[in-house]
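As structure tokens, the structure follows; a few thoughts come after it.
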Ligand code: SAM
Ligand code: SF4
Ligand code: F3S
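Numbering (the numbering used here), first residue to last: 44 to 504.
Below, the structure written as structure tokens:
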């Protein structure tokens, strides 16, 4: 990583260079993958706008195109490579076009080799979270460096980085970066580095400013938020952070993800239940219901330890909502293991389930295990899983019928005059609405339940 050029010098030098364009230079940023990556994308946009670029949604009219990538599954990577391939025709028409690859794929050696070989027109490669190095990389490319590469997985992004947010009522706030867990299937620790926490004061200041600016949903992000603060000079834990943020006055919800089940505690649940703003919903990725698969995944909990927290929570708050991630077709998964997963989901009754077919990631431990090649069997398991989940969630969602909930309206379709939003349990709610109330908190009476959403009617605007 080059650190000889000062950030301020880079900024001024680029602004001077952009003055020479015969039009306002335009930049296009496309983020793939998880919310954390989307959040980095908002900062890439902020840095580009601050340098003087006009942001554009279309790559065709851009002078700089940045792909902020995801490496979690092979499919995510091939999508990005396909889109990069499609950019070749733009570069052939305009050799001044700067195309950059950043995010999680940029950290993989095989991807870099592939870029070197087959994508000569990709001129910047920046590792995940390297937003403040963008001016330096751009300057080097403008000054004739054929391809500038920056890798840095150690620091945390500067608190001073400008941000262009995707929404004006929902905001993502990272509390930590990286992961120490090394689940055997997962590439994230390799491409995002070790856990680094932001200072509590900086997080509180950001959330306070967002609430004051009228944001209604604050989504706290980290690969395992329950590890928050362990690396700080003065350790500070996640429940303590939640208590501090919940004390900020205003009309808003706090959500967060993800929680690793090995670190989720009764204290965390109690803070949520006793809070004013924190949702009564926990995204608690279980991955499998079989102890032997969990062990092979290095998840460090058993199915019964996982269920203990669920049962304890529901004993205190029967409506509390859980969602989860599940992997189907992990290399050691047998039919009996899969059935244990079905039993687990029947017990928990998740409101939402994110299901993934296992994708071997080069460099991870599970990629060295003998892989299951029976795609038909895996896809049949996935279908069974989805069927069970659909049936269960419709039945479980019915617990809200007849009740009133506070809903943050997120979308409005003027044609059908239907609004959609989320309640405090994080569940989707649909309702007919004469006006566009997007970004407002409203009271809704729930009249029906589908497997994908609750259906209701507006009580007051
Ligand atoms: N840090 C979060 C956690 O532990 O819950 C998850 C982050 S990961 C980006 C999101 C989900 O992708 C994981 O929970 C897992 O279900 C899934 N995933 C990760 N690696 C995968 C792989 N190699 N194949 C299929 N799914 C995978
Ligand atoms: Fe990946 Fe596991 Fe870390 Fe989540 S906790 S990011 S699944 S290694
Ligand atoms: Fe993908 Fe990186 Fe997120 S691998 S899921 S974008 S942390």
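Note that CB positions come from ideal geometry on N, CA and C, so glycine has one too.
Of the residues the options, which one's Cα is nearest the Cα of residue i?
i	options	result
residue 116	424, 443, 423 and 410	410
residue 302	242, 175 and 366	366
residue 296	189, 447, 324 and 87	324
residue 290	123, 376 and 250	250
residue 417	447, 371, 95 and 384	371
residue 267	230, 328, 373 and 210	328
residue 492	452, 458, 457 and 439	439
residue 173	111, 377 and 447	111
residue 121	402, 414 and 456	402
residue 94	148, 225, 70 and 81	70
residue 141	91, 79, 294 and 154	91
residue 479	355, 357, 74 and 451	451
residue 446	436, 500, 456 and 464	500
residue 74	82, 67 and 68	82
residue 300	475, 216 and 180	216
residue 334	246, 326 and 347	347
Hey, how far is the Cα of residue i from the Cα of residue j?
i	j	result
residue 502	residue 393	27 angstroms
residue 470	residue 361	15 angstroms
residue 399	residue 144	25 angstroms
residue 482	residue 233	37 angstroms
residue 340	residue 381	14 angstroms
residue 98	residue 55	19 angstroms
residue 31	residue 214	The first residue shown for the chain is 44 and the last is 504, placing residue 31 beyond what the model contains.
residue 391	residue 385	10 angstroms
residue 424	residue 397	14 angstroms
residue 134	residue 183	19 angstroms
residue 412	residue 420	18 angstroms
residue 168	residue 153	13 angstroms
residue 376	residue 427	15 angstroms
residue 485	residue 472	11 angstroms
residue 165	residue 190	7 angstroms
residue 458	residue 104	31 angstroms
Could you please give the first and the last residue of the uninterrupted beta strand (DSSP E) stretch that includes residue i?
i	result
residue 74	69 to 74
residue 65	That residue, residue 65, is in no beta strand (DSSP E); it is neither H nor E in DSSP.
residue 146	141 to 146
residue 85	No beta strand (DSSP E) contains residue 85, which is instead part of the alpha helix (DSSP H) from 78 to 94.
residue 191	191 to 193
residue 381	Per DSSP, residue 381 belongs to no beta strand (DSSP E); it is in the alpha helix (DSSP H), 378 to 391.
residue 260	260 to 264
residue 370	364 to 371
So is the beta-carbon of residue i under 7 angstroms away from any non-hydrogen atom of ligand 2?
i	result
residue 15	Residue 15 lies beyond the residue range present for the chain, which begins at 44 and ends at 504; the question has no answer from this structure.
residue 231	yes
residue 326	no
residue 303	yes
Could you give the DSSP three-state label for residue i: helix, strand or coil?
i	result
residue 399	strand
residue 199	coil
residue 44	With a pLDDT of only 39 at residue 44, under 50, the local geometry of the prediction cannot be trusted, and the value read off the model is given with reservation. In the structure shown, residue 44 sits in coil (DSSP, three-state: anything other than H, G, I, E or B).
residue 420	helix
residue 439	helix
residue 456	strand
residue 312	helix
residue 225	coil
residue 216	strand
residue 499	strand
residue 475	strand
residue 207	coil
residue 170	strand
residue 432	helix
residue 100	coil
May I ask whether a heavy atom of ligand 3 can be found less than 7 angstroms away from the beta carbon of residue i?
i	result
residue 171	yes
residue 77	yes
residue 268	no
residue 585	Look at the range of the chain in this structure, 44 to 504, and you will see that residue 585 is not part of it.
residue 113	yes
residue 235	yes
residue 494	no
Starting from residue i, trace the alpha helix (DSSP H) both ways and give me its first and last residue.
i	result
residue 185	177 to 185
residue 249	243 to 255
residue 353	346 to 359
residue 131	131 to 136
residue 321	Element bounds for residue 321: n/a, residue is neither H nor E.
residue 288	281 to 289
Is there at least one non-hydrogen atom of ligand 1 closer than 7 angstroms to the beta-carbon of residue i?
i	result
residue 424	no
residue 116	yes
residue 258	no
residue 57	no
residue 208	no
residue 368	yes
residue 402	yes
Comparing the C-beta of residue i with each C-beta of chain C, is any distance below 8 angstroms?
i	result
residue 301	The chain labelled as chain C is not found in the depicted structure, where only one protein chain is given.
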